[in-house]
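Peer 1: Chain order of the listed sequences is A and B.
Quick note on numbering: the numbering used here labels position 143 of the first sequence as 143, and the sequence is numbered without any gaps.
Quick note on numbering: the numbering used here labels position 134 of the second sequence as 277, and the sequence is numbered without any gaps.
2 protein chains.
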Amino acid sequence: MTARVRDIRQAFGAERMTAQRETLARVAGAMGGAFTIDDLAAEVRKREITLGLATVYRGVAALERTGWLERVGERDGSALFARCRAGGHHHHLICTGCGRIEAADCPLEEIVGPAESATGFVVTGHEITLYGLCPDCASAQRD
Amino acid sequence: MTARVRDIRQAFGAERMTAQRETLARVAGAMGGAFTIDDLAAEVRKREITLGLATVYRGVAALERTGWLERVGERDGSALFARCRAGGHHHHLICTGCGRIEAADCPLEEIVGPAESATGFVVTGHEITLYGLCPDCASAQRD
DNA sequence: TTTACTGCAAACAATTTGCACTGCA
DNA sequence: TGCAGTGCAAATTGTTTGCAGTAAA
Numbered sequence: 001m002t003a004r005v006r007d008i009r010q011a012f013g014a015e016r017m018t019a020q021r022e023t024l025a026r027v028a029g030a031m032g033g034a035f036t037i038d039d040l041a042a043e044v045r046k047r048e049i050t051l052g053l054a055t056v057y058r059g060v061a062a063l064e065r066t067g068w069l070e071r072v073g074e075r076d077g078s079a080l081f082a083r084c085r086a087g088g089h090h091h092h093l094i095c096t097g098c099g100r101i102e103a104a105d106c107p108l109e110e111i112v113g114p115a116e117s118a119t120g121f122v123v124t125g126h127e128i129t130l131y132g133l134c135p136d137c138a139s140a141q142r143d
Numbered sequence: 144m145t146a147r148v149r150d151i152r153q154a155f156g157a158e159r160m161t162a163q164r165e166t167l168a169r170v171a172g173a174m175g176g177a178f179t180i181d182d183l184a185a186e187v188r189k190r191e192i193t194l195g196l197a198t199v200y201r202g203v204a205a206l207e208r209t210g211w212l213e214r215v216g217e218r219d220g221s222a223l224f225a226r227c228r229a230g231g232h233h234h235h236l237i238c239t240g241c242g243r244i245e246a247a248d249c250p251l252e253e254i255v256g257p258a259e260s261a262t263g264f265v266v267t268g269h270e271i272t273l274y275g276l277c278p279d280c281a282s283a284q285r286d
C-alpha cells in the first residue's frame with residue numbers, strides 16, 4: 001500500500017524535489033483513502049515533521065498538477081484528495097465514515113449522450129463522485 | 144419560466160413567509176439556470192430591493208431545506224444553486240467557455256446500483272458534473 | 001549561481017454567527 | 001404578543017499570497 005521509492009521520485013515530475021516534498025508524497029501515498037489538507041498535515045505532524053501549511057497546500061497542488069494526486073470531492077467545505085491507482089477512466093466512492101475510497105466504473109455513454117442531445121452541449125469532460133458508507137462503516141452503524 | 148404565485152407561497156414550506164423571502168424565491172425562480180449567492184443578490188439589487196447578504200444566505204438555506212432550491216456544484220469557490228424539478232435526479236453541464244450551466248435528467252440508478260453491488264458501499268449522496276461547451280461557445284470555437 | 005521551494009504571517013473570499021430589532025402569524 | 005426572520009458587523013474557515021531566507025540543480 002505504501003508508495004515505493006520510484007513513485008515518490010516521480011511524484012513531482014520535472015519539478016524540484018525537496019525533503020518536504022518527499023515527506024508529503026510519502027505520507028500522502030500512505031493515507032489509504034481520501035483526505036483533506038488538514039488530515040495530511042496532521043499525519044505529517046505525527047511523524048514529528050514540521051511543514052508550513054502553505055507548503056502542504058503548494059505541494060498538494062503540485063502533486064495534483066502531475067496527476068500523482070487527484071481531487072476527489074469535498075468534505076465539510078474542505079477539498080478532498082486521494083492517490084488513486086486505478087488506471088483508465090473511473091470515478092470514486094468515498095466512505096463518509098472512514099474516508100475509504102473505491103473506484104467505480106463510469107457509465108459515461110448512458111449519461112452523456114442524452115445530455116448532449118437535450119442541451120446541445122458538447123461534453124468534453126466530467127466529474128462523478130459518490131458518497132456513502134463502506135461495508136464496514138455500514139455494519140458498524142447498524143449496531 | 145417564471146415561478147408562479149403558488150410556487151412562491153410553498154417555497155418555504157411551513158416556515159414563515161416574509162417580504163424578503165418572497166423576493167428571494169421569486170428572483171431565484173426567475174434565474175433560469177444555476178447561480179451563486181452573489182448572482183442572486185445582484186439580481187435582487189437590480190430590482191431596487193435591498194437584502195442583507197446574511198438574509199440571502201439564510202433564505203437560500205431555507206429554500207434548500209424545503210427542496211425548492213438545490214445545491215448543484217460550485218464555481219470559483221462559490222456554491223452554485225438552481226431551482227430544479229422536485230424529486231427527479233438530474234446532473235449538470237458546465238460550459239467551460241462561458242460558465243453557463245444547464246441541467247439535464249440523469250438516470251442515477253444506473254450509476255449507483257452497479258457501484259453499490261461492486262463495492263458493497265451504501266451510497267448516500269453524489270456529485271455529478273459534466274464539462275463541455277454550450278452551443279454558443281461550440282460554434283464560436285469553430286470560427 | 002540561479003531560482004524554485006519554504007515558512008511565516010498577512011491577505012482573502014465565502015460563509016456563518018451574535019445580537020438587538022422588526023414584523024409575520 | 002411571541003418568536004422566527006432581518007440586518008449589520010464581527011468572527012470563522014479554508015485557501016492563497018508576499019517576501020525574505022534556504023537549498024536543489
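All residues carry an ideal CB built from backbone N, CA and C; glycine is no exception.
What is the rounded straight-line gap between the Cα of Thr124 of chain A and the Cα of Arg190 of chain B?
Peer 2: Using only the alpha carbons, I get a separation of about 37 Å.
Peer 1: Give the single residue among A:Gly29, A:Ala34 and A:Ala104 whose Cα lies nearest to the Cα of Ser260 of chain B.
Peer 2: Ranking A:Gly29, A:Ala34 and A:Ala104 by Cα distance to Ser260 of chain B puts A:Ala104 first.
Peer 1: Just the C-alpha distance for Arg188 of chain B and Asp182 of chain B, rounded to the nearest angstrom, thanks.
Peer 2: Approximately 10 Å between the Cα atoms of the pair.
Peer 1: In this structure, does DSSP put Cys95 of chain A in helix, strand or coil?
Peer 2: The answer is strand: DSSP assigns Cys95 of chain A an E or B state.
Peer 1: How about Glu165 of chain B and Met174 of chain B: do their beta carbons lie closer than 8 Å?
Peer 2: No, the Cβ-Cβ distance between Glu165 of chain B and Met174 of chain B is not below 8 Å.
Peer 1: Rounded to whole angstroms, what's the CA-CA distance from Ser282 of chain B to Val122 of chain A? Just pull it up for me.
Peer 2: Going by the C-alpha atoms only, they are around 10 Å apart.
Peer 1: Under 8 Å, Cβ to Cβ, is there at least one residue of chain B near Phe121 of chain A?
Peer 2: Closer than 8 Å to some Cβ of chain B, the Cβ of Phe121 of chain A qualifies, so yes.
Peer 1: State yes or no: is the beta carbon of Asp105 of chain A nearer than 8 Å to at least one beta carbon in chain B?
Peer 2: Closer than 8 Å: yes.
Peer 1: Check whether the Cβ atoms of Thr291 of chain B and Gly156 of chain B sit closer than 8 Å, and answer yes or no.
Peer 2: Chain B is shown only over 144 to 286; residue 291 of chain B falls outside these bounds and no answer can be derived.
Peer 1: Can you grab the Cα-Cα spacing for the pair His234 of chain B / Thr129 of chain A, in whole Å?
Peer 2: Taking the straight line joining both Cα atoms gives about 12 Å.
Peer 1: Locate the beta strand (DSSP E) running through Ile101 of chain A, then write down its first and last residues.
Peer 2: Start and end: Ile101 to Ala104.
Peer 1: Do Gly29 of chain A and Ile101 of chain A have their CB atoms nearer than 8 Å?
Peer 2: In this structure, Ile101 of chain A does not lie closer than 8 Å to Gly29 of chain A by Cβ.
Peer 1: Since Glu102 of chain A meets chain B, which of its residues come closer than 7 Å, beta carbon to beta carbon?
Peer 2: Result: Thr262 and Phe264.
Peer 1: Hey, is Ile37 of chain A's beta-carbon within less than 8 Å of any beta-carbon in chain B?
Peer 2: No - not a single Cβ of chain B is within 8 Å of the one on Ile37 of chain A.
Peer 1: If the cut is a Cβ gap below 9 Å, which residues of chain B does Ala34 of chain A touch?
Peer 2: What Ala34 of chain A touches in chain B: nothing, since even the nearest Cβ is about 13 Å away.
Peer 1: In chain A, which residues lie with their C-beta within 9 Å of the C-beta of Glu270 of chain B?
Peer 2: Gly73, Glu74, Glu127, Ile128, Thr129, Leu130 and Tyr131, listed in chain order.
Peer 1: For a contact meaning CB atoms closer than 8 Å, what does Leu93 of chain A contact in chain B?
Peer 2: Those are Ala258, Thr262, Phe264 and Val266, listed as they occur along chain B.
Peer 1: Can you find a C-beta in chain B that's less than 8 Å from the C-beta of Ala61 of chain A?
Peer 2: Cβ-Cβ to chain B under 8 Å: no for Ala61 of chain A.
Peer 1: Just how far apart, CA to CA, sit Gly202 of chain B and Thr193 of chain B?
Peer 2: Each residue's alpha carbon lies about 14 Å from the other.
Peer 1: May I ask you to list, following chain order, the residues of the region 154-178 of chain B that have a beta carbon less than 9 Å from some beta carbon of chain A?
Peer 2: Those residues of the region 154-178 of chain B that come within reach of chain A (Cβ to Cβ, closer than 9 Å) do not exist; the list is empty.
Peer 1: Can you name the start and end residues of the alpha helix (DSSP H) that Arg169 of chain B belongs to?
Peer 2: Looking at the DSSP string, the run of the alpha helix (DSSP H) that includes Arg169 of chain B is Ala162 to Gly172.
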